[in-house]
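Notes for the one structure printed next.
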Amino acid sequence: MKHLTWILFLVSTVTFAQTDSVIVSGRIRHLTPAMYRQSPQVAISRNNVLQAGRELIRPAQLAADGSFRVSVPLIFPYEEMYFNFNNITTGFLASAGTITIELDADSLFSSTVPFRFKGANAAVNQQYARYKAFEAGYKSKMDSKTLSRQASGMKDKELYSLLMTVNWEALANFMKQERPLPLLNTWLMNVARYNTAAFMYEKATAEFGNISVTLDDSLRPPNDKILTAARANATNRYADMIESKIRNSMTNSQTGGLGVDQLAAILRVYTPDITVTELTRLNEIETKKTARTADIRFFEQLMRRNPDTLSRIINYEAWVNRADKFMVSKDSVMLQYMAAYWFANTLPEFTMATADLLHQYSAPKIRYPLWQASLEELYYIQVKDRDRIEKAIARIKDKRVLTNTEMETGILVTADNLAAAGVILGEVINANRGKVIYLLAWDPNEELGRQMAIEAQRLKNMYNPRDFALIYVSVAAEAMKRFVPEFIARYQLLGDHLLMTDTQYSSALIELQSISTTTAAVIGPTGKFVKRNAPLPDKPAEIDALLKKAVSKK
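Residues -17 to -1, 1 to 537, numbered by mature numbering (1 follows the signal peptide of the UniProt record, and there is no 0), are exactly what the sequence shown covers, in order.
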């Protein structure tokens, strides 16, 4: 199971045009009441090839007899999925049809292979469970330090050979006691190859190097029908490698961005109130593919009519152009992957309106079915709760002063653009006296801030609301005025939210004694700070120790 997740999407319905699905059902025999209270659900998780850092999770409620049933979408013909229950996890290979997973609670923590599979790929999944049990006890002949040392300075082909040997080592030894089924062999070869690819792409990124063109197909073979966590990770690392080259080229002012013909074509479609004369001039520039100084001024005039929309579309096209320039080999399928990857990984930064705009613009350009379906899945996850989000935002929209206004159940919003930051902060802290408070100041402009805002909900779920309060402080002025409330509603960030102007937020950071724009603090039941610059929400164990310390000072 991969451990790179920063958010677990609980997807209850599928509205995108999925290619297929698998029914995963089963039963946990001898399920005790205590075990049920601890884990009343099982979960099936899977990957999306565009976002290796996320798991898409389908929960399934356990019935009284321990049975469960859930439908899970499939995009690839075969997908590596994970069954999760009570800290027990197993991977399995899913394809269209039905899969049954059974286990006995009595032997859950004592048996090396507690799972029994039936249905699609049953024999393969049962053998995979035995292989993973073998792998868990297998000690590799080469540790990571030795591998890194040997890999240093190696040519691509030599490195590829070394990595494949290391990544294939456990299976090679497993084969001495059991012959793997052909599909299992293909599956594990996929994992070994993509783990190798990820290592090589990361090394190339760190060293500002390139991958040999002759190795490109070996690292990412065409017509591969299996999606694994390793494949998602490797293709993302490939995209990261290209993106690092793009950033470096922009730093060195080698733009390689948009041609004047492309710019003219975009302006022709997305400039409001465009005249016939302006259209004619744009058509001429697009045909000639050249522009004079006067034409550049003309472009700037048109840009001012619709700056937000035009800048986003132009940035997208420029990024794809640069990606094409720096790709290892000219491959239209992988260029479409890069375009889909950019959109999918910038989605969390967008309001729904911007997501709709870029989806409408970019989706028709991504024609490879697997990338297309993967992008559609992530887009609809982003906008699927549109009606609920709009209703939540309507409750606070156009109000200059908000005092514990309920945006949604459990989400209280406070804002006053004219008040001092310390006053607003003090009022919310005083309102929660008697509780231990975890305060998170998060910057919505940064990925770290957005991630930590979501991650903090785990703390909300860990503690009794009578004893614990979660306070969010964020910038929600100007460009962020729509984004922040939408983000709060989309991810249902329960707690007290203080929406501040840029000036107020800067003052709040001074109060919190932080030079970072995303920071945290723990406040005791008496309203006094226990710890400024406290651990961020991705360190729950450290936070728990601080909260206990705060309670002891009550």
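Beta carbons are placed, not taken as given, at the ideal position from N, Cα and C, and that holds for glycine.
Paired residues, beta bridge with residue i - DSSP
{"i": "Val456", "result": "Ala424, Leu481"}
{"i": "Lys308", "result": "DSSP output for Lys308 lists no bridge partner at all."}
{"i": "Gln24", "result": "Gln44"}
{"i": "Glu391", "result": "Ile394"}
{"i": "Tyr65", "result": "Ser28, Gly74"}
{"i": "Thr83", "result": "Ser8, Lys101"}
{"i": "Phe51", "result": "Gly9"}
{"i": "Ala504", "result": "Leu422, Arg515"}
{"i": "Pro523", "result": "Per DSSP, none; premise fails for Pro523."}
{"i": "Ile209", "result": "Tyr61"}
{"i": "Val384", "result": "Asp399"}
{"i": "residue 542", "result": "Look at the range of the chain in this structure, -17 to 537, and you will see that residue 542 is not part of it."}
{"i": "Phe451", "result": "Val419"}
Buried/exposed call for residue i, threshold 16 Cβ in 10 Å
{"i": "Arg176", "result": "buried"}
{"i": "Arg433", "result": "buried"}
{"i": "Lys228", "result": "buried"}
{"i": "Arg203", "result": "buried"}
{"i": "Pro290", "result": "exposed"}
{"i": "Met224", "result": "buried"}
{"i": "Pro520", "result": "buried"}
{"i": "Phe191", "result": "exposed"}
{"i": "Glu283", "result": "exposed"}
{"i": "Ile27", "result": "buried"}
{"i": "Leu316", "result": "According to the sequence shown, residue 316 is Val rather than Leu. By the 10 Å Cβ count, Val316 comes out exposed."}
{"i": "Ala180", "result": "buried"}
{"i": "Val5", "result": "buried"}
{"i": "Thr263", "result": "exposed"}
{"i": "Gly136", "result": "exposed"}
{"i": "Gln237", "result": "Legend: pLDDT at Gln237 = 43, less than 50; position of this residue unreliable, value from coordinates given subsequently. Exposed: under 16 other Cβ atoms inside 10 Å."}
{"i": "Asp399", "result": "buried"}
{"i": "Phe(-9)", "result": "With a pLDDT of 41 at Phe(-9), under the threshold of 50, the modelled position of this residue cannot be trusted, and the question is left open."}
{"i": "Val252", "result": "exposed"}
{"i": "Gln160", "result": "exposed"}
{"i": "Gln21", "result": "exposed"}
{"i": "Ser(-6)", "result": "Note that Ser(-6) scores 39 on pLDDT, short of 50, meaning its location in the model is unreliable; the coordinates nonetheless yield the value given after this. Result: exposed."}
{"i": "Pro205", "result": "exposed"}
{"i": "Ala46", "result": "exposed"}
{"i": "Glu267", "result": "exposed"}
Delimiting residues of the alpha helix (DSSP H) encompassing residue i
{"i": "Phe282", "result": "276 to 286"}
{"i": "Glu118", "result": "105 to 119"}
{"i": "Ile149", "result": "Residue identity differs from the one stated: residue 149 is Val in this sequence, not Ile. Unbroken alpha helix (DSSP H) run through Val149: 139 to 157."}
{"i": "Thr179", "result": "165 to 189"}
{"i": "Phe92", "result": "Segment: none, Phe92 is in no alpha helix (DSSP H) and carries neither H nor E."}
{"i": "Phe333", "result": "Taken as a continuous stretch (DSSP letters only), Phe333 belongs to no alpha helix (DSSP H), as it is neither H nor E."}
{"i": "Val196", "result": "Val196 -> no alpha helix (DSSP H), and no H or E assigned at all."}
{"i": "Lys443", "result": "440 to 445"}
Inter-residue CB distance, residue i and residue j (contact presumed, cutoff 8 Å)
{"i": "Lys101", "j": "Ala134", "result": "At roughly 42 Å, the Cβ-Cβ gap does not stay under 8 Å, so Lys101 and Ala134 are not in contact."}
{"i": "Asp3", "j": "Ala106", "result": "Actually they do not touch by this definition, with Cβ atoms about 21 Å apart."}
{"i": "Tyr455", "j": "Leu476", "result": "6 Å"}
{"i": "Glu118", "j": "Ala155", "result": "The pair is not a contact, with the Cβ atoms about 11 Å apart (cut-off 8 Å)."}
{"i": "Ile349", "j": "Gln355", "result": "5 Å"}
{"i": "Gly405", "j": "Glu494", "result": "6 Å"}
{"i": "Tyr85", "j": "Arg10", "result": "In the sequence as displayed, the identity of residue 85 is Glu instead of Tyr. Indeed they touch by this definition, with Cβ atoms about 5 Å apart."}
{"i": "Tyr324", "j": "Ala222", "result": "5 Å"}
{"i": "Gln44", "j": "Pro23", "result": "7 Å"}
{"i": "Asp485", "j": "Ala460", "result": "5 Å"}
{"i": "Lys514", "j": "Leu529", "result": "5 Å"}
{"i": "Val7", "j": "Ile82", "result": "5 Å"}
{"i": "Ala327", "j": "Gln34", "result": "6 Å"}
{"i": "Leu353", "j": "Phe59", "result": "6 Å"}
{"i": "Ile420", "j": "Ala452", "result": "5 Å"}
{"i": "Thr397", "j": "Leu481", "result": "5 Å"}
Range of the contiguous beta strand (DSSP E) that encloses residue i
{"i": "residue 540", "result": "Residue 540 lies beyond the range of the chain shown here (-17 to 537); nothing can be said about it."}
{"i": "Lys464", "result": "Where Lys464 is concerned, there is no enclosing beta strand (DSSP E), given that its DSSP letter is neither H nor E."}
C-beta contact flag for residue i and residue j at 9 Å
{"i": "Phe157", "j": "Tyr114", "result": "yes"}
{"i": "Gly409", "j": "Pro508", "result": "no"}
{"i": "Ile412", "j": "Pro468", "result": "no"}
{"i": "Ser497", "j": "Asn31", "result": "no"}
{"i": "Lys140", "j": "Leu198", "result": "yes"}
{"i": "Leu422", "j": "Ala436", "result": "no"}
{"i": "Gln109", "j": "Phe98", "result": "yes"}
{"i": "Val146", "j": "Leu76", "result": "Note that residue 146 is Leu in the sequence shown, not Val. No."}
{"i": "Gly242", "j": "Asn304", "result": "yes"}
{"i": "Glu360", "j": "Ala212", "result": "no"}
{"i": "Gly74", "j": "Phe68", "result": "no"}
{"i": "His13", "j": "Asp126", "result": "no"}
{"i": "Asp200", "j": "Asn173", "result": "no"}
Cutoff 9 Å: residue i Cβ touching any chain D Cβ
{"i": "Phe66", "result": "The question asks about chain D, but that chain is absent: this structure has only one protein chain."}
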